[in-house]
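If you count the sequence shown from 1, you need to add 359 to reach the working numbering.
Below is one structure; the comments refer to it alone.
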Amino acid sequence: MRILISWDHGQVPARLFDTPSARAVFSALPIHANASRRGVEMRLSAALRLKREAGARQVVEAGTLCYWIEGASLTVPLCPGQAARLASPCNVLGRLEGDPAALAGVRNGHLLVLSRLAEDAQDAPLSAPNTPPPGRSPSGNP
């Protein structure tokens, strides 16, 4: 599942993991939201009825697309080269395919649109972190 995050002066693609939250976000697209910057985090209001998943994380790498349950928003840390500590554990949705720095020029109030990108045969959804790819057991054996 691929998405495109676009705004008036740029865009960046992202690939979603195969998780319940990522599928719910993908089903809700397109999402139009105004950006809210909090330090090195960019947040987009997206009131979805999601529950915290077992794999929710509070510390993630820059460019990780997450859903913050308590804040009802999508969040992306933009801190290059380091891990970010989010306000609370968030559901990990996927990763930006481009450089997170592409979003550095987005300011509070900028309108962003999240939309679906066309898939081709090679564009399968990514396995969620710490889960084996389809057809593999946790030990790595088929």
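Here a beta-carbon is modelled for each residue, glycine too, at the ideal position from N, C-alpha and C.
All values reported here derive from a predicted model rather than from experimental measurement.
Taking the alpha carbon of residue i as the reference point, which residue from the options has its own alpha carbon closest?
i	options	result
E456	D367, Y426, L470 and V371	V371
L462	R475, C449, L445 and A421	A421
K410	R374, G398 and R382	R382
Ends of the alpha helix (DSSP H) at residue i?
i	result
P379	P379 to A387
Roughly how many angstroms lie between the CA atoms of residue i and residue j, to the nearest whole one?
i	j	result
L388	V472	9 Å
M360	G453	9 Å
S447	G430	10 Å
P439	C425	16 Å
A442	A477	30 Å
H368	D458	15 Å
R416	F376	14 Å
I428	G414	13 Å
With a threshold of 7 Å on Cβ separation, who are the neighbours of residue i within its own chain once the five nearest residues in sequence on each side are excluded?
i	result
P379	E412
W366	V465, H469, L470 and L471
Taking buried to mean at least 16 other C-beta atoms within 10 Å of its own C-beta, is residue i buried or exposed?
i	result
P432	It is Ser, not Pro, that sits at residue 432 in the sequence shown. The residue in question, S432, is buried, as its Cβ has 16 or more Cβ neighbours within 10 Å.
Which same chain residues end up closer than 8 Å to residue i when comparing Cβ atoms and leaving out the 5 residues on each side of it in sequence?
i	result
S403	Reading the sequence as shown, one finds Leu at residue 403 and not Ser. I390, A392, N393, A394, S395, S432, L433, T434, L471 and L473.
V327	There is no way to answer for residue 327, as the model of the chain reaches only from 360 to 501.
F385	M360, I362, L375 and R475
In chain order, what residues of the same chain lie with their CB nearer than 6 Å to the CB of residue i, ignoring the 5 residues before and after it?
i	result
E400	T434 and P436
Please list the terminal residues of the continuous beta strand (DSSP E) segment that includes residue i.
i	result
E400	E400 to S404
N450	A442 to L455
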